[in-house]
Structure formats: C-alpha cells, structure tokens
Amino acid sequence: MSQPLANCPGCGAPVQFRWSSAVQTVCPFCHSILVRSDLDLKKVGTVADLPPDPSPIQLLTSGTYNNKKFDVIGRIIYEYEQGGWNEWHIVFSDGVSGWLSDAQLQYAVSFLVPGMALPPEEQVTRGKHFNFSNIDFEVSTMTIAAYKGVEGELPFPFYGKTNMLFADLRTNGNNFATLDYSDKAAPMLFIGKAVPFEGLQLQNVRQFEEWS
Amino acid sequence: MSSPLVAPPIAKAKAMYCPNCGGPVELRGFGHALTVVCPQCLTLLDASSPLLKILQEAQEAQSRRTPLIPLGTRGKWTATTWEVIGFETRAVEEDGITYEWEEYLLFNPYKGFRYLTNYQGHWNFVTPVESLPERRAVGSRPAVFFEGNLYRHFSGAQAVTSFVLGEFPWRVKVGEEVVADDFVHPPLVLSSETTTDEVTWSKGEYTSGADIWKAFALPGSAPRPQGVYLNQPSPYAGKVGGTWGVFALMLIALLVMAMMFGALSRGDTVFDEHYHYSASDRGEPSFVTKVFDIEGRTSNLELTINTNLINNWAYFNLALINETTGDAFDFGREVSYYTGSDSDGAWSEGSDKSDAVIPHVPPGRYYLRVEPEMEGSQTPPEKPATAPGTAPKPRSSGFPSTARVPIGKSVYYEIVLRHDVATYGWFWLAALLLLIPPIFTTIRAVTFETRRWSTSDYPPTSGGG
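Given below as structure tokens:
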C-alpha cells in the first residue's frame with residue numbers, strides 16, 4: 000500500500016494516505032476535510048467533533064471477509080429519524096475498496112456495483128422487486144438520512160449533505176443491496192451480504208467499560 | 000504512529016437525571032438508546048437528546064410491572080454475555096380477553112440486540128432477522144419459508160405496548176400498535192411486525208425457563224409453564240415415527256419367527272377318512288376309527304371336519320384316545336352352514352367345515368371315537384347342552400320349510416388329522432400387543448398438537464363440530 004504524503008492546507012501538518020486511491024480525507028489534527036486533486040490537497044470544510052458513537056469499529060480496525068483481510072480507513076456517519084448508522088470504508092489487501100455498515104450493531108459488507116442501469120428514485124417504493132446481478136431483491140425500507148460526519152479516507156468527496164434517500168433491498172437469504180440517491184443524477188448501487196459480528200473476525204475493536 | 004488518530008475513549012455507561020422527577024437514569028447501551036424510561040416516575044425520555052427530553056408523560060403507577068429478570072442483569076447465552084437493558088409488556092385482545100407477554104431487551108456492545116420473551120412461563124430467545132422470509136401457503140393457510148424450514152401461520156393480531164422500562168434503541172411509545180404475526184416450526188417461531196412503514200422479522204427459539212434462570216443466575220426457580228405454547232416442541236414429535244419404526248422391526252422379527260416355526264413344522268397328514276351319517280339311522284351313532292400312528296416330536300394335532308351341510312347343522316362329539324395308555328381327550332365341534340337371499344341380497348352364516356387344535360400330543364398309536372348328531376337324531380335322548388342352543392336360529396325368510404322335517408337329515412363328512420402344524424394365533428396376538436405403544440404415542444402426539452393449535456387462528460374442529 001503506497002502512502003503519499005502531503006501537508007494539510009489548513010494547519011500544515013503532514014497528511015498520510017493509507018490507500019492510494021483515496022479522494023478525500025480528514026486532517027486528524029485540525030479536522031479539515033481535504034479533497035485530493037492530483038497532488039494538491041484542497042480544504043473544503045471542517046468536521047465538527049464527531050458525536051459520541053457506540054460502534055465497536057474504529058479507524059484501523061481490521062477484519063476478514065470472504066477469507067480476505069481488510070482495514071478500516073474511513074467512515075461516513077448518517078443519521079435519520081430512528082437513529083443513525085455508520086458506513087465504514089474498508090480496503091482489502093489487494094486494494095479493493097468496500098463498505099462495512101454498522102446499523103445498530105447489525106453488520107453488512109457491500110461493494111459499489113458500477114455501470115448498471117438503475118431505476119430513478121420515484122420508481123422505488125417499499126415492496127417492489129428489482130433484479131440485480133441475477134438476485135431478486137425486494138425494497139424493504141426507504142430512509143431519508145442526513146450526513147452527520149466523516150472521518151478518514153473516502154473513495155469520493157463527501158461532505159455537507161442533507162436529505163439523502165436510501166433504499167434498502169433484501170432477499171430471503173443474506174444478500175442485500177442499497178440504492179443510494181444522495182446524488183440524484185448519479186444513483187449508486189451497493190450489493191453485499193449481512194455478516195454476523197463473529198464472521199468478521201475483527202481485530203483492534205473499541206473497548207467498552209466492563210465488557211471484554 | 001505520530002498521527003493523533005487515537006482510538007476514541009473507552010465507552011462508559013452513562014448516568015443522567017430525569018427532567019420530570021430528578022431521579023437518576025442509567026444508560027447501559029453506550030448511546031444506542033433512543034428511548035429510556037425513568038425507573039422512578041416511569042416517564043418516557045428521549046435518550047438521544049442531551050438532557051433527556053420528555054417523550055411521553057409518566058406511565059400510570061398501577062401499570063408498573065416488575066421484570067422477572069431485573070434490568071442490568073447479565074447472563075451468558077451461547078457463549079456470549081448479554082445484559083438486560085430494556086423491558087416491555089405487550090398485549091393482544093381477543094374476544095374481550097387480554098393476553099399479555101413480556102419482552103426483555105438484551106444487549107452486547109459488539110453483537111447487538113436480542114430478546115427474551117415470556118408468556119406464562121414459556122420463554123423464547125429471539126434474534127432479529129434481516130432477510131425477508133419467502134411467503135408461501137399450506138393449503139389455504141399462510142406460511143413462510145426461511146432457512147430451509149416451512150413455518151405455518153399460527154395467529155395474527157394487533158399488539159399494543161402496555162408498559163416499558165429501561166432503554167431501547169428505537170422510539171418506544173406506550174399504546175403503540177403493530178400487527179404481530181407468528182409462524183411456527185417448533186421449536187422455532189418466525190414473527191413479523193407490520194407497521195405502515197415497514198415489516199420487521201425475528202426468529203425465536205423455544206427455551207426452558209430453567210435454562211434462563213441458570214444463564215442469568217436468577218434466584219429461586221422459573222415459574223412453571225402453563226398450557227402448550229405455540230412453538231413449544233412436542234415431547235412426542237420425534238417419537239411417533241420411532242415407535243412405528245420399532246413396531247415395524249418387531250413385526251418383521253415376528254414374521255421371521257412365524258416363518259421359522261412354519262418351516263420347522265412337519266404338518267404330516269396322519270388320518271383322512273370319509274363318513275356318512277343320517278339322523279334317521281337306527282342304532283348307536285358313535286363309532287371308533289381305525290388306529291393311526293403319530294410320529295415325530297410332541298406337538299399339536301389339528302383336526303378338520305369337512306361336510307356337505309347346507310342350511311343345516313351337525314354336532315360331533317369327539318375323543319382322541321391313545322391306544323396304549325387309554326388317555327382320552329374329549330371335545331366337540333359344531334358345524335352349521337346357512338345361506339340364502341332376502342331383500343338385502345345374498346347372505347350366509349357359519350361354514351361347512353370346522354377345525355380344532357389339540358395341543359401337546361405325544362407320538363404314539365391313536366384312534367378317534369366319533370359321535371355325530373343332527374336334528375331328528377334318535378339317540379342319545381338328551382342332546383349335549385351346547386348343540387341346539389348354539390345353532391343359529393333359522394331366519395324366517397329364505398329358510399327352507401323342509402328344515403322342520405324331523406327325520407331324514409344326513410351328512411357326508413371327512414375327518415382330517417394333521418400332526419405338528421404351524422399355528423399363527425400367537426402371531427396375531429403379539430402383533431396386536433406391539434401396536435399398543437405406537438398407537439398410544441400417536442394419540443398423545445395428536446392431543447399435544449390439538450392443544451397447541453387450539454389457541455391459534457386455526458383451532459382444530461373437535462368431533463362435536
């Protein structure tokens with residue numbers, strides 16, 4: 000893994016990238032959101048202190064999925080009416096990037112599936128079926144969420160978004176998918192699987208008082 | 000690493016104060032809670048707001064229920080430690096009767112949330128299901144298929160939250176209603192909760208109260224379960240097939256034994272003679288046969304009388320006499336055969352032959368004494384008590400009028416004796432006895448299922464309708 004080094008345009012501190020394809024990171028010193036273009040780093044905003052968060056995952060947690068090791072290098076925190084969830088950005092040892100979501104301690108690993116014709120958001124309602132990658136998915140939940148914070152390295156610039164529509168799609172097995180309409184013009188499809196905590200074999204997880 | 004990318008501080012349980020009564024409110028869920036209930040005044044508070052905003056006014060003091068497993072209790076279940084952080088009761092009403100059950104919310108900061116439910120001493124360990132079970136039908140009844148099992152719909156009802164205590168990772172309201180459906184595949188139950196926004200599924204596994212008491216180190220013993228619960232495993236479920244299997248094996252063993260006895264039996268015909276008797280004959284009707292030999296081992300002797308009787312009866316007084324010792328075995332056989340037709344069609348009664356088995360006849364030289372007797376017999380003057388009494392009463396229709404003629408009855412008959420004959424009476428008796436356990440188990444299993452389904456939306460119809 001290459002580690003390009005640059006200085007934070009906000010505070011001048013050295014900024015390290017763990018993943019060569021990272022487009023955005025957050026300066027760990029001054030919490031500036033930094034977007035990379037070529038070798039330049041541009042400050043596009045600042046992250047407020049992250050709210051206290053109960054996820055047992057943290058930056059630099061490592062784990063295993065499909066017998067492949069991954070490291071957690073960034074995250075997006077979303078909140079909605081019924082609480083919040085984390086999308087942890089994970090990078091596998093072969094450079095592939097994916098997402099480990101933690102929604103009330105229900106975990107799933109998913110990957111962006113590019114190049115597919117996706118239904119416009121008006122066509123997506125609860126109970127509707129869609130076939131992606133030869134899997135029959137049913138829309139189970141529609142969520143309007145807001146961005147609550149970012150941390151670490153991300154594969155795309157992401158900050159300051161509100162009223163994003165997400166459609167969760169499920170199957171009768173453990174396959175699941177998310178249709179992400181945060182950019183209405185360019186919706187994204189993520190397909191993955193629900194994974195039990197034990198299955199992730201996480202290392203370097205967070206500690207909780209009186210729990211080991 | 001020089002980066003201050005340090006881990007977040009160790010998460011701690013939080014203590015706050017109730018804005019309604021000022022009493023302490025403990026948060027055990029490390030920020031997962033959206034709702035927390037003040038344990039003193041029972042006010043529902045918004046756990047996601049910094050100062051615990053009041054969500055819903057205090058629950059009536061008389062609605063207070065005491066959880067059997069106190070909040071904060073930890074227990075080990077399938078190698079994972081769980082802490083009870085929330086408690087609620089929910090109720091359904093049916094025909095004016097309220098059925099209320101308890102739900103305990105279990106928390107582990109890594110593995111998430113599980114539930115324990117308790118209805119009248121019947122416990123379930125419940126895991127949220129993220130998949131959408133496939134809807135199917137069994138006949139006209141709904142069912143769902145999940146993880147290779149078919150779950151049959153048991154009941155559906157409007158469930159109301161009646162009391163809450165502790166904390167919950169979702170917004171809780173007393174009086175909130177969902178449509179709750181249960182699908183059973185004992186010991187498992189799949190439950191769906193339907194609101195206008197979503198359908199959520201969970202899977203419960205039936206658990207004994209004693210196991211819960213042990214896992215959570217609770218004092219005393221678990222309350223005894225009342226009645227049969229919807230996903231309670233039947234104590235007979237796996238056994239019905241087994242008892243029939245044992246029956247089948249024993250029956251095969253019996254058949255083998257019967258075949259062996261059949262093969263070992265010589266079944267030699269030792270005597271076969273034809274005779275004629277007429278009731279109008281004068282003189283002594285009794286006679287002795289020629290002497291015959293019985294060889295081989297001590298075994299039974301089967302006597303068969305074949306006759307040409309139609310709409311008539313005959314009685315035979317018989318004695319098997321050992322020529323050497325003079326030992327006699329006396330017995331009698333009645334042969335009666337009636338046939339005809341009436342408005343109901345053809346009918347017949349009795350048979351034109353009869354047989355008898357004399358057990359334990361040792362080898363030796365024997366002869367028979369035979370004394371036939373028919374209607375109109377001259378001698379002996381007093382008939383054996385059994386003879387006329389057991390003869391079928393002639394039916395008024397179709398009975399030939401000649402039956403009244405006292406004289407002239409006669410019969411041709413044949414007496415056959417076979418020694419060492421395989422008999423199968425014991426086989427049928429044993430088979431019948433072997434049937435008792437599987438039938439008994441089957442009845443008990445059916446009774447258990449009837450009790451289970453009697454509380455469902457599909458109560459079995461009883462014999463009375």
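Those protein sequence lines, which keep their order, are chains P and Z. Quick note: the first sequence, position 34, residue 33 per numbering that gives the first Met the number 0, numbers continuous. Quick note: the second sequence, position 146, residue 145 per numbering that gives the first Met the number 0, numbers continuous. Think of the CB as a built atom: it goes at the ideal place given N, C-alpha and C, for glycine as much as any other residue.
Expected contact under 8 angstroms - CB spacing of residue i and residue j to nearest Å
i: W200/Z; j: L187/Z; result: W200/Z to L187/Z, Cβ: 12 angstroms. No contact.
i: T489/Z; j: Y337/Z; result: Residue 489/Z is absent from the structure shown; chain Z starts at 0 and stops at 464.
i: V22/P; j: P113/P; result: Between P113/P and V22/P the Cβ distance is about 15 angstroms, and since that is not below 8 angstroms, they are no contact.
i: Q202/P; j: G62/P; result: 7 angstroms
i: C26/P; j: V43/P; result: Their Cβ separation, rounded to whole angstroms, is 12 angstroms, which puts C26/P and V43/P out of contact at 8 angstroms.
i: E370/Z; j: S264/Z; result: Wrong, their Cβ atoms sit about 30 angstroms apart, outside the cutoff.
i: P362/Z; j: G295/Z; result: 6 angstroms
i: W87/P; j: I56/P; result: 5 angstroms
i: L433/Z; j: T170/P; result: About 50 angstroms; that fails the 8 angstroms criterion.
Rounded separation between residue i and residue j - CA only
i: G147/Z; j: R134/Z; result: 13 angstroms
i: T140/P; j: L168/P; result: 7 angstroms
i: T297/Z; j: N316/Z; result: 24 angstroms
i: L104/P; j: A444/Z; result: 41 angstroms
i: I212/P; j: E150/P; result: A question about residue 212/P goes unanswered here, because the residues of chain P that appear run from 0 up to 211.
i: H30/P; j: E93/Z; result: 58 angstroms
i: V239/Z; j: F447/Z; result: 12 angstroms
i: W84/P; j: E208/P; result: 22 angstroms
i: D326/Z; j: G237/Z; result: 58 angstroms
i: E204/Z; j: H184/Z; result: 10 angstroms
i: G155/Z; j: S455/Z; result: 9 angstroms
i: R74/P; j: Q119/Z; result: 46 angstroms
i: G261/Z; j: H275/Z; result: 33 angstroms
i: L51/Z; j: E129/Z; result: 30 angstroms
i: Y98/Z; j: R223/Z; result: 17 angstroms
i: A402/Z; j: F426/Z; result: Here A402/Z scores only 45 on pLDDT, less than 50, and its place in the model should not be relied on; the value that follows carries that caveat. So the alpha carbons of these two residues sit roughly 41 angstroms apart.
i: R450/Z; j: N299/Z; result: 52 angstroms
i: M335/Z; j: V415/Z; result: According to the sequence provided, residue 335/Z is Ser. The question's Met does not apply to it. S335/Z and V415/Z: Cα-Cα distance of roughly 18 angstroms.
i: E283/Z; j: L250/Z; result: 51 angstroms
i: W346/Z; j: Y314/Z; result: 22 angstroms
Exposure of residue i, with buried meaning 16 or more beta-carbon neighbours within 10 Å
i: C10/P; result: exposed
i: S279/Z; result: exposed
i: L229/Z; result: buried
i: C7/P; result: buried
i: M373/Z; result: buried
i: F330/Z; result: exposed
i: P135/P; result: Pro is not the amino acid found at residue 135/P; the sequence shown has Asp there. By the 10 Å Cβ count, D135/P comes out exposed.
i: V35/Z; result: buried
i: N162/P; result: exposed
i: A384/Z; result: Residue placement at A384/Z cannot be trusted, given a pLDDT of 45 that sits under 50; what the coordinates show is reported in the next sentence. By the 10 Å Cβ count, A384/Z comes out exposed.
i: S107/P; result: Just to set this straight, residue 107/P is Ala in the shown sequence, not Ser. It is buried - the Cβ of A107/P has at least 16 other Cβ atoms within 10 Å.
i: S220/Z; result: exposed
i: A136/Z; result: exposed
i: S472/Z; result: For residue 472/Z there is no data in the structure shown, the boundaries of chain Z being 0 and 464.
i: P53/P; result: buried
i: Y114/Z; result: buried
i: E102/Z; result: buried
i: Q61/Z; result: exposed
Beta-carbon spacing of residue i, residue j below 8 angstroms
i: G174/Z; j: T193/Z; result: no
i: F162/Z; j: E87/Z; result: yes
i: D351/Z; j: L302/Z; result: no
i: S109/P; j: S100/P; result: yes
i: P108/Z; j: F29/Z; result: yes
i: G198/P; j: F175/P; result: no
i: P168/Z; j: L33/Z; result: yes
i: L67/Z; j: N19/Z; result: no
i: V138/P; j: A166/P; result: yes
i: H418/Z; j: V269/Z; result: yes
i: Y77/P; j: K147/P; result: yes
i: L44/Z; j: C37/Z; result: yes
i: G74/Z; j: A209/Z; result: no
i: Y412/Z; j: T323/Z; result: no
i: W122/Z; j: S207/Z; result: yes
Chain C within 8 angstroms of residue i, Cβ atoms only
i: W87/P; result: Here chain C cannot be found, since the structure's protein chains are P and Z.
Can you give, in chain order, each stretch of the alpha helix (DSSP H) that sits fully within the segment 35 to 82 of chain Z and has at least 4 residues? The qualifying runs do not exist here; there are none.
Quick check for students: name the residue ranges of the beta strand (DSSP E) that lie wholly in the segment 252 to 292 of chain Z, counting only runs of 3 or more. Within the segment 252 to 292 of chain Z, the complete beta strand (DSSP E) runs of at least 3 residues are 267 to 277.
Alpha helix (DSSP H) runs contained entirely in the segment 88 to 117 of chain Z, provided each spans 4 or more residues: none
Start-end ranges of the beta strand (DSSP E) lying completely within the segment 104 to 182 of chain Z, minimum 3 residues: 111 to 118, 121 to 128, 133 to 137, 140 to 145 and 148 to 167
Going residue by residue through the segment 34 to 110 of chain P, where are the continuous beta strand (DSSP E) segments of at least 3 residues, counting only ones entirely within it? 39 to 45, 61 to 64, 67 to 79, 82 to 91 and 96 to 102
Which parts of the segment 126 to 152 of chain P are runs of the beta strand (DSSP E), unbroken and 3 residues or longer, counting only runs that do not cross its ends? 128 to 131 and 134 to 151
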